[in-house]
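Worksheet for the structure shown next.
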Amino acid sequence: MLVQTSQQKRDDGTDESRSTTRTPTSALYGALDTRNDVGSTSPASSHLSSRDGDRCRNACYWLAVPEHVLTDLIHIFFDKVQAWLPLLHRPRFFDRYIKNGVFDKRSPQSFSDTESMLLCGMFALAARHSLNPWFQDIPAPDRGKSFADDASRYYEMPRPPDQGPTLEYLQGCILLAYYQYSSGPSHRAWILAGVCVRLAYDLNLCNMDEQQQQQDNWEDSKDWSYLEEQRRAFWLVWEVDTFGSVMSRRPSSINRSMMAVRLPVSDAAWFVDRPVKSPVIDPRPSEAWKILLESPNQDERAWFLVANLLMSVASEFAADRHTCQRDKDELVDAITCFSLIISQRFNLETLEFSSPSNDAARHNWVIGTHLMLICARATIQASFTTQRPGMLSLPRHLSRIFYQWNPEYITSSSPFLACCLLSDRAYPSEETLQAPDTPYHSSEMVNLVLSHYASVWKLASVLLDLRASLIRRDHPSAGASFEQRFALYFPSRVSPGRYSNHKDEESALMRGSVGEGTKGDNRVLGENGSGRVELRQLSQPSGELEAAEVTMVELSNVPSRELSKFVHLDGQSDWNTRLSLDYVDDDTQQFDYLQL
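Read left to right, the sequence shown gives residues 21 to 616 (the numbering used here).
Right, dumping it as structure tokens:
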């Protein structure tokens with residue numbers, strides 16, 4: 021995050037952290053909750069309009085919270101939330117906001133709107149994990165609501181017309197969007213995710229590495245560290261955009277064919293500003309699955325993002341956006357190859373069940389990668405492949421994952437992963453609706469894991485109710501709006517036609533060439549860099565994913581030297597005026613998107 025003053029100037033020529041602002045906190049410092057020991061009114065309040073003053077009186081909850089509680093929330097954020105939302109550079113943040121081990125609340129007028137929005141977003145996501153007596157009468161999933169309300173009001177505060185977007189502002193919007201989605205998909209979450217995408221585009225994050233693909237020898241590690249901060253912001257925007265689109269079966273806002281962004285590296289390397297070479301993601305499934313094979317970047321989150329990308333492509337297929345048979349075969353082969361690689365490098369049976377607490381994030385990213393592969397396979401099976409007897413069922417896959425998932429780590433993983441637990445209910449058809457129900461014991465395991473999530477995340481509570489409703493085959497009481505947000509689990513009211521006459525067409529998945537820089541940056545070397553790895557035909561016919569599943573399970577414990585007998589790998593180849601979120605809800609029928 022919090023790029024230093026020089027970096028903020030680099031973003032838009034404005035030193036926002038030092039600019040004079042009209043923050044809600046600066047207007048009512050003396051009217052805070054009696055638990056706050058500050059009793060004087062800020063002089064800045066006299067310069068505010070009555071309208072701003074009215075708004076301010078409702079937006080200062082976080083300044084009423086004692087400093088030691090806010091300090092605790094900051095530590096919780098970096099211990100629990102950063103593990104699945106790796107957005108902020110911890111050392112730089114602590115240098116800026118922690119003095120003598122305590123959060124430096126300072127005077128309220130010294131915080132800009134952007135800083136306040138970001139801080140409140142952090143507190144909103146972290147509060148659910150706090151055991152501090154300050155929150156003792158509030159259920160865990162609701163402890164962040166007041167902070168989130170403050171963050172929303174800071175978001176709605178007008179910005180100077182000549183002030184462009186900054187990375188820090190985008191980071192605040194990202195935190196708020198993730199909070200909204202973790203409370204359950206909603207219209208305001210969808211809109212906030214779109215705002216994040218537009219800000220990322222405005223900051224040129226989507227192709228930030230297009231001109232730097234050959235620049236791997238960094239003379240200034242600080243420069244690399246600031247660029248890595250931007251990459252992390254982009255990938256989190258991509259994740260929330262993808263999540264919202266998959267859940268609602270709508271087009272995503274980010275065009276992956278135009279992305280030129282390196283995959284993020286580990287927090288451990290980033291926090292000490294140690295550059296690590298990382299590839300630019302290739303949007304083609306046939307290339308994406310092998311992008312990390314010989315990369316110096318072996319961070320578990322990078323592998324997870326590749327799995328997430330393959331799952332998102334499968335989701336597009338299911339929505340009939342790409343139906344050419346060649347595209348389908350390419351995707352199935354890519355997921356099969358990626359599954360084989362993951363089973364070797366991150367085998368569930370060898371995953372450490374008990375490990376130091378600082379390894380919880382790595383553990384959860386491995387689990388998340390396996391869950392994403394389950395989602396991808398479930399989507400493909402439901403969309404364009406034929407069921408085969410003897411295949412390993414999705415409940416069986418989930419059981420293997422649950423067995424290796426440390427229960428203490430579940431609530432520290434991304435709440436979005438909870439949606440993967442309903443993979444067997446995704447993309448329903450007449451055949452799946454009439455199929456036998458999931459075995460009772462598997463259903464109970466899913467409910468128990470969702471209950472772990474629900475102890476801190478409202479999204480999981482919604483999913484528990486949704487799952488029960490789908491099993492009963494009735495419609496949720498929320499009605500059409502609910503089905504719209506969770507369209508993934510409801511049959512389409514109008515089934516789009518299948519373009520079977522396109523089977524022999526040239527691939528529509530990725531027309532156009534990838535730049536030579538990308539090709540050079542993403543070349544795959546052989547084991548230990550000694551040579552290229554050759555790609556041949558998979559042992560099963562192209563397009564038959566289900567037949568490969570049993571083989572994949574059997575191969576999970578095969579030594580690497582024996583893997584070549586089964587599969588051969590080929591190395592060739594005007595935003596300043598924002599709409600108040602209070603007026604954006606699920607019942608909004610007439611909405612002017614140009615207001616954003």
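Ideal placement from N, C-alpha and C gives every residue a C-beta, glycine not left out.
Bear in mind that the values here come from a model prediction, so they are computed numbers and not experimental data.
Using 8 Å for Cβ pairs, my map puts Leu-195 next to Leu-145. What's the rounded Cβ distance? 6 Å
Is the region 342-356 touching the region 285-302 in the sense that three or more CB pairs, one from each, lie closer than 8 Å? no
Stretch-stretch touch, CB-based, cutoff 8 Å, three pairs: the region 212-226 with the region 82-99: no
Under the rule that 16 or more other beta-carbon atoms within 10 Å means buried, what is Asn-275, buried or exposed? exposed
Is the region 167-186 touching the region 117-129, taking contact as three or more C-beta pairs under 8 Å? no
Would you check if the distance between the CB atom of Arg-218 and the CB atom of Arg-251 is smaller than 8 Å? no
Flag this pair as yes or no: are the beta carbons of Ala-160 and Ser-475 separated by less than 8 Å? yes
Of the residues Leu-368, Met-392, Leu-393 and Ile-394, the one placed nearest His-678, counting alpha carbons only: The structure shown does not extend to residue 678, since the chain is modelled only from 21 to 616, so the question has no answer here.
Pick helix, strand or coil for Arg-269, following the three-state DSSP scheme. coil
Sorted by chain position, which residues of the same chain lie with C-beta nearer than 7 Å to Val-469's C-beta, five sequence neighbours on each side aside? Phe-422, Ile-430 and Leu-441
Per-residue DSSP class, three states only, for Val-85: coil
Since Gly-121 is in the alpha helix (DSSP H), which residue starts that stretch and which ends it? Where Gly-121 is concerned, there is no enclosing alpha helix (DSSP H), given that its DSSP letter is neither H nor E.
Bounding residues of the alpha helix (DSSP H) (the contiguous stretch that carries Ile-421): 414-424
Do you know offhand how far Leu-391's Cα is from Leu-437's? 7 Å
Cα-Cα, which of Ala-147, Ser-315 and Val-260 is closest to Gly-204? Val-260
Buried versus exposed call for Ala-398 [16 or more other C-beta atoms within 10 Å across all chains shown]: buried
Candidates Tyr-199, His-95 and Gly-192: which alpha carbon is nearest Ala-220's? Gly-192
Tell me which same chain residues have a C-beta within less than 6 Å of the C-beta of Glu-350, skipping the five on either side of it? Pro-305 and Ser-306
Among the residues of its own chain, which have a CB less than 6 Å from the CB of Glu-230, if the five just before and after it don't count? Ala-280
How about Gly-141 and Ala-171: do their beta carbons lie closer than 8 Å? yes
Within the same chain, show all residues whose beta-carbon is closer than 7 Å to that of Val-333, passing over the 5 residues directly before and after it, in chain order. Pro-305 and Leu-351
Which residues DSSP lists as bridging Val-300, in chain order: Arg-282
Buried versus exposed call for Asp-618 [16 or more other C-beta atoms within 10 Å across all chains shown]: Beyond the ends of the chain as shown, which are 21 and 616, falls residue 618; an answer cannot be given.
When you compare each of Gln-401, His-417, Ser-434 and Pro-111 to Tyr-198 by their alpha carbons, which one comes out closest? Ser-434
In whole angstroms, what separates the C-alpha of Leu-256 from that of Arg-270? 19 Å
Segments of 4+ residues assigned as alpha helix (DSSP H) that fall wholly inside the region 159-234: 165-176, 187-202 and 207-222
Could you pull out every residue in the same chain whose Cβ sits closer than 7 Å to the Cβ of Phe-98, ignoring the five residues on either side in sequence? Arg-110
Looking at the unbroken alpha helix (DSSP H) that takes in Gln-364, where does it start and where does it end? 345-365
Which of the three DSSP states is assigned to Lys-100 in this structure? helix
Going along the chain, which residues of its own chain have a beta-carbon closer than 6 Å to the beta-carbon of Glu-248, five neighbours each way excluded? Trp-290
Answer yes or no: do Ala-446 and Ala-402 have a C-beta to C-beta separation smaller than 8 Å? yes
Kindly indicate the opening and closing residues of the alpha helix (DSSP H) around Val-292. Counting along the chain, Val-292 falls outside any alpha helix (DSSP H), and DSSP gives it neither H nor E.
Ordered along the chain, which non-local residues of its own chain (more than five positions away) have a Cβ less than 7 Å from that of Leu-490? Arg-445 and Tyr-509
Taking C-beta to C-beta, are Asn-317 and Ser-298 nearer than 8 Å? yes
Take the Cβ of Thr-389 as the centre, count every other Cβ of all protein chains shown within 10 Å, and call the residue buried at 16 or more, exposed below. buried
Take His-149 and list the residues in its own chain whose beta-carbon comes closer than 7 Å to its own, dropping the five residues that flank it on each side. Ile-96, Lys-100 and Val-476
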